[in-house]
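A.B. asks: Under full-length UniProt numbering, residues 1 to 466 are what the sequence shown spells out, in order.
Sharing a structure below in structure tokens format, with a few things to ask.
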Amino acid sequence: MNKLDLCTLQLFCKVFIEFFLILGKLLSFKFFDSSRVFFCRISRNTPFLRMNTHLLSFALRPGFQEAILFSTTALLLSSSVAVAQTSSKTQGFNAAYTAPATGSVLGFSTDANGAYFNNSTTAASAGSFGTYGVINGSNGLTGTATTVNFDPQIFQKSSAGNLFSFEVGSLGNASLNPAYSDGFTGGSTFVVNFTLTNAITGAISTATITINSTNGANSGPLFLAGNSTTSPIIAAVTGVSGQNTAVATSTISRVDITLPNFADRTTVAASITINTSRRNILVLDNVTISSSLPLPVELSRFGATAKGKAVNLNWATASEKNNDRFDVQRSATGEAFETIGSVKGNGNSTVAHEYSFVDKQPLTGLAYYRLKQVDNDGTIAYSPVAVAKGPRTEAMAFPNPSEGQITLAADLGPVTYRVYNNLGQSILHGQATGGERLNVSGLPKGPFFLELTSSNGRTIQRLMHE
1 MNKLDLCTLQ LFCKVFIEFF LILGKLLSFK FFDSSRVFFC RISRNTPFLR
51 MNTHLLSFAL RPGFQEAILF STTALLLSSS VAVAQTSSKT QGFNAAYTAP
101 ATGSVLGFST DANGAYFNNS TTAASAGSFG TYGVINGSNG LTGTATTVNF
151 DPQIFQKSSA GNLFSFEVGS LGNASLNPAY SDGFTGGSTF VVNFTLTNAI
201 TGAISTATIT INSTNGANSG PLFLAGNSTT SPIIAAVTGV SGQNTAVATS
251 TISRVDITLP NFADRTTVAA SITINTSRRN ILVLDNVTIS SSLPLPVELS
301 RFGATAKGKA VNLNWATASE KNNDRFDVQR SATGEAFETI GSVKGNGNST
351 VAHEYSFVDK QPLTGLAYYR LKQVDNDGTI AYSPVAVAKG PRTEAMAFPN
401 PSEGQITLAA DLGPVTYRVY NNLGQSILHG QATGGERLNV SGLPKGPFFL
451 ELTSSNGRTI QRLMHE
């Protein structure tokens with residue numbers, strides 16, 4: 001580039017910058033890079049002014065009217081609507097929690113030892129709200145413990161920046177007898193357990209992070225949950241099964257535990273066990289789980305109920321992300337499932353939605369139902385199984401149990417039959433009519449299933465071969 005071209009380019013850039021400096025006095029702009037979106041105002045000291053003169057093409061996000069990209073930085077002219085893709089759920093303790101969790105609430109359950117406490121180092125009182133933990137009135141090293149189990153959360157495929165964090169407090173009450181003022185003493189621990197389940201492969205890994213007190217037996221500090229005077233404890237879960245990590249500390253305010261990046265959709269179940277020692281009150285607050293990608297479909301309820309000659313299935317979601325549909329699946333054995341219908345999902349939503357489906361031709365006897373949730377990209381996840389007992393009907397075949405032969409009911413008419421085992425594997429099949437005998441002597445001893453299909457529909461009966 002010759003000197004004239006360089007001068008021209010510099011002049012252009014100067015005019016261009018001055019234009020945006022003036023405009024920036026009135027407007028707030030969003031800068032976008034490869035990892036996040038944030039607000040800032042343009043000023044003469046803004047690093048954006050160190051521009052690369054290389055203009056590159058840029059695919060606009062929906063809702064943005066114009067973009068100018070310099071190297072890896074884009075100036076986005078738009079309304080001040082946040083578009084950051086971080087999702088998180090938090091469990092606070094400022095009020096009594098009632099399941100199920102909805103929206104951005106994490107949700108938890110616990111044992112009888114746990115209690116709510118106000119956040120105080122001089123007058124902590126059980127039953128007051130603000131934190132959650134356990135009190136120990138014994139002077140021995142082995143004290144009272146409580147375990148708080150948090151609702152499992154599903155992380156999307158390719159999610160990164162996954163984090164589990166919580167605040168801790170060591171409270172006190174000088175007016176109680178004995179005074180609960182021994183603080184975060186030696187022998188006190190916060191133990192965090194994780195179970196990571198790959199929704200695609202079913203692989204399970206576990207990890208334990210233990211926060212140990214290095215204080216003396218009676219000399220631990222008192223501090224509020226959310227105390228900002230100490231640095232947070234940093235730990236990491238590697239995703240390797242059986243991982244055990246111990247962190248020794250004399251002071252503590254918050255614990256930040258980095259979770260692995262997940263190549264597949266993964267369910268994370270977490271619990272925190274608080275172990276007290278001496279006379280102390282240890283508590284939790286603001287337990288948060290977060291990810292760079294929004295947490296996907298959150299199923300808050302699923303059930304199946306027989307009504308008349310049908311089975312009604314009802315379920316609800318607290319939030320949804322990229323949810324294309326629910327495939328309703330049914331099984332006579334609880335092992336092999338088949339899809340009997342689909343219900344359209346709500347895509348992206350942060351509010352609760354109710355769904356229903358009616359199985360108009362249910363199986364006789366017990367039937368097992370589950371939901372196969374399918375994302376827009378084809379990623380799938382399965383719900384827990386619901387069980388319902390179908391309408392009573394006359395036996396289609398007898399005797400039951402049998403010793404080698406079964407007879408079809410005389411009034412059945414022409415049918416197509418199929419005999420299969422507990423795994424859903426077909427063993428016999430063919431055509432028959434009412435009154436005919438079927439030879440099942442070659443079946444292994446134990447339960448089997450007889451499926452009959454006719455112009456009136458399909459029925460399944462559970463039989464026993466002795």
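The C-beta atom is built at its ideal place from N, Cα and C for all residues, glycine as well.
So is the beta-carbon of I204 under 6 angstroms away from any non-hydrogen atom of the ligand PLP?
C.D. replies: In terms of ligand content, the structure shown is empty, and the ligand PLP therefore cannot be addressed.
A.B. asks: Is it the case that the region 147-160 contacts the region 293-312, given that we only count it when at least three CB pairs across the two stretches are under 8 angstroms?
C.D. replies: The answer is yes - the region 147-160 touches the region 293-312, with three or more Cβ pairs under 8 angstroms.
A.B. asks: Where DSSP assigns a beta bridge to E354, which residues make up the other side?
C.D. replies: As a first step, residue 354 must be located in the sequence shown, where it is residue number 354. A316.
A.B. asks: Can you name, in chain order, every residue of its own chain whose Cβ lies under 6 angstroms from the Cβ of I340, other than the five neighbours on each side?
C.D. replies: For this step, residue 340 is matched to residue 340 along the sequence shown. For I340, where only same-chain residues beyond five positions count, the Cβ hits under 6 angstroms are V328, R330.
A.B. asks: For A84, count neighbouring C-beta atoms within 10 Å of its own C-beta (all shown protein chains included) and say buried if the count is 16 or more, exposed if not.
C.D. replies: Residue numbering aside, residue 84 sits at position 84 when the sequence shown is read from its first letter. Here the model assigns A84 a pLDDT of 32, short of 50, so the residue's position is not dependable and the matter cannot be decided.
A.B. asks: Check for me: the beta strand (DSSP E) holding P447 runs from which residue to which?
C.D. replies: The sequence position of residue 447 within the sequence shown is 447, counting from 1. 446-454 is the extent of the beta strand (DSSP E) around P447.
A.B. asks: Taking all protein chains shown into account, decide if P260 is buried (16 or more other Cβ within 10 angstroms of its Cβ) or exposed.
C.D. replies: Here residue 260 is taken as the residue at index 260 of the sequence shown, counted from 1. Buried.
A.B. asks: Helix, strand or coil, according to DSSP, for V192 in the structure here?
C.D. replies: Working through the sequence shown from its first residue, we reach residue 192 at position 192. DSSP places V192 in strand when its eight states are reduced to three.
A.B. asks: Straight-line CA distance for N244 to T258?
C.D. replies: On the sequence shown, position 244 is the one that residue 244 refers to. On the sequence shown, position 258 is the one that residue 258 refers to. Each residue's alpha carbon lies about 14 angstroms from the other.
A.B. asks: Using alpha carbons as the reference points, say which of T214, N376, A99, L176 lies closest to T189.
C.D. replies: Counted from its first residue, the sequence shown places residue 189 at position 189. Taking only the C-alpha atoms, the option nearest T189 is T214.
A.B. asks: Name the two residues that bound the continuous beta strand (DSSP E) containing Y420.
C.D. replies: For the purposes of this step, residue 420 is taken as the residue at position 420 of the sequence shown. That run of the beta strand (DSSP E) goes 415-420.
A.B. asks: Can you confirm whether the region 347-356 touches the region 314-325 when touching is taken to mean that 3 or more C-beta pairs between the two stretches lie within less than 8 angstroms?
C.D. replies: The answer is yes - the region 347-356 touches the region 314-325, with three or more Cβ pairs under 8 angstroms.
A.B. asks: Express the C-alpha separation of R265 and T379 in angstroms, rounding to a whole number.
C.D. replies: Position 379 of the sequence shown holds residue 379. Position 265 of the sequence shown holds residue 265. Cα to Cα, T379 sits roughly 8 angstroms from R265.
A.B. asks: Taking the beta strand (DSSP E) that R278 falls in, what are its first and last residues?
C.D. replies: Numbered from 1 along the sequence shown, position 278 holds the residue referred to as residue 278. Element bounds for R278: n/a, residue is neither H nor E.
A.B. asks: Residues in the same chain with beta-carbon distance under 6 angstroms from V148, minus the five sequence neighbours each way, listed in chain order, please.
C.D. replies: Stepping through the sequence shown from its first residue, residue 148 is reached at position 148. Cβ neighbours of V148 beyond the five flanking positions: F108, T110, I272.
A.B. asks: Helix, strand or coil for N119 per DSSP?
C.D. replies: Position 119 of the sequence shown holds residue 119. Reduced to three states, the DSSP call for N119 is coil.
A.B. asks: If you reduce the DSSP assignment to three classes, tell me which class I234 lands in.
C.D. replies: Taking the first residue of the sequence shown as 1, we reach residue 234 at position 234. Three-state DSSP puts I234 in a strand.
A.B. asks: How long is the line joining the alpha carbons of A207 and T433, rounded to whole angstroms?
C.D. replies: On the sequence shown, position 207 is the one that residue 207 refers to. On the sequence shown, position 433 is the one that residue 433 refers to. Distance between the alpha carbons of A207 and T433: 59 angstroms.
A.B. asks: Compute the beta-carbon to beta-carbon distance between A269 and T131, rounded to the nearest angstrom, for a pair I have assumed lies under 8 angstroms.
C.D. replies: Within the sequence shown, numbered from 1, the residue matching residue 269 stands at position 269. Within the sequence shown, numbered from 1, the residue matching residue 131 stands at position 131. With a Cβ gap of about 22 angstroms, A269 and T131 do not count as contacting.
A.B. asks: Tell me whether Q461 is buried or exposed, calling it buried when 16 or more other Cβ atoms sit within 10 Å of its Cβ.
C.D. replies: Within the sequence shown, the letter at position 461 stands for residue 461. It is buried - the Cβ of Q461 has at least 16 other Cβ atoms within 10 Å.
A.B. asks: Would you identify the three-state DSSP class for Q361, choosing helix, strand or coil?
C.D. replies: In the sequence shown, residue 361 corresponds to position 361, counting from 1. Note: Q361 maps to coil in three-state DSSP.
A.B. asks: In whole angstroms, give me the CA-to-CA distance for T122 and E298.
C.D. replies: For the purposes of this step, residue 122 is identified with residue 122 of the sequence shown, where counting begins at 1. For the purposes of this step, residue 298 is identified with residue 298 of the sequence shown, where counting begins at 1. Taking the straight line joining both Cα atoms gives about 40 angstroms.
A.B. asks: Measuring only the C-alpha atoms, how far is T230 from F150?
C.D. replies: Numbered from its first residue, the sequence shown carries residue 230 at position 230. Numbered from its first residue, the sequence shown carries residue 150 at position 150. If I take the Cα positions, the gap works out to 26 angstroms.
A.B. asks: If the criterion is Cβ atoms closer than 7 angstroms, does the pair I204 and T197 meet it?
C.D. replies: One-based indexing of the sequence shown puts residue 204 at position 204. One-based indexing of the sequence shown puts residue 197 at position 197. Yes, the Cβ-Cβ distance between I204 and T197 is below 7 angstroms.
A.B. asks: Which same chain residues, not among the five before or five after S128, have their C-beta less than 7 angstroms away from its C-beta?
C.D. replies: The count along the sequence shown starts at 1 and reaches residue 128 at position 128. For S128, where only same-chain residues beyond five positions count, the Cβ hits under 7 angstroms are Y116, F117, N118.
A.B. asks: With a cut-off of 8 angstroms on the beta carbons, I'd call G183 and N280 a contact; round off their distance for me.
C.D. replies: Here residue 183 refers to the residue found at position 183 when the sequence shown is read from its first residue. Here residue 280 refers to the residue found at position 280 when the sequence shown is read from its first residue. About 6 angstroms separates the two Cβ atoms, so the contact holds.
A.B. asks: If I measure Cβ to Cβ from T144 and keep anything under 6 angstroms in the same chain, skipping five residues before and after, which residues do I get?
C.D. replies: Position 144 of the sequence shown, counting from 1, holds the residue named residue 144. If we look at T144 and ignore the five residues flanking it on each side, its Cβ neighbours are N113, V134, N136, T276.
A.B. asks: Between which two residues does the beta strand (DSSP E) containing G114 stretch?
C.D. replies: Position 114 of the sequence shown, counting from 1, holds the residue named residue 114. It is not in any beta strand (DSSP E) - G114 carries neither H nor E in the DSSP assignment.
A.B. asks: For F164, which residues does DSSP report across the bridge?
C.D. replies: Working through the sequence shown from its first residue, we reach residue 164 at position 164. Answer is I257, I289, bridged to F164.
A.B. asks: Using a Cβ-Cβ cut-off of 6 angstroms (strictly less than) and excluding sequence neighbours within five positions of E403, which residues of its own chain qualify?
C.D. replies: As a first step, residue 403 must be located in the sequence shown, where it is residue number 403. Correct list, in chain order: E466.
A.B. asks: With DSSP run on the structure shown, which of helix, strand or coil describes A388?
C.D. replies: Walking along the sequence shown from the start, residue 388 turns up at place 388. Of the three classes helix, strand and coil, the one that applies to A388 here is strand, per DSSP.
A.B. asks: Look at the alpha carbon of K30 and the alpha carbon of S87, and state the distance between them as a whole number of angstroms.
C.D. replies: On the sequence shown, position 30 is the one that residue 30 refers to. On the sequence shown, position 87 is the one that residue 87 refers to. For K30, the predicted model reports a pLDDT of 35, less than 50, meaning its position is unreliable; a value from the coordinates is still stated below. Rounded to whole angstroms, K30 to S87 spans 19 angstroms at the Cα level.
A.B. asks: Indicate whether S383 and F302 have their beta-carbon atoms separated by less than 7 angstroms.
C.D. replies: Counting from one through the sequence shown, the residue named residue 383 turns up at place 383. Counting from one through the sequence shown, the residue named residue 302 turns up at place 302. Taking 7 angstroms as the Cβ cut-off, S383 and F302 qualify as a contacting pair.
A.B. asks: By Cβ distance, which residues of its chain are closer than 6 angstroms to V311, with the 5 residues on each side in sequence left out?
C.D. replies: Start at 1 with the first residue of the sequence shown, and residue 311 comes out as number 311. Once the five neighbours on either side are set aside, the close Cβ partners of V311 are A304, D359, P362, A388.
A.B. asks: Report yes if the C-beta distance between F223 and S170 is below 7 angstroms; otherwise report no.
C.D. replies: As a first step, residue 223 must be located in the sequence shown, where it is residue number 223. As a first step, residue 170 must be located in the sequence shown, where it is residue number 170. The answer is yes: Cβ separation under 7 angstroms.
A.B. asks: Identify the continuous beta strand (DSSP E) that holds T146 and give its terminal residues.
C.D. replies: Walking along the sequence shown from the start, residue 146 turns up at place 146. Element bounds for T146: 145-150.
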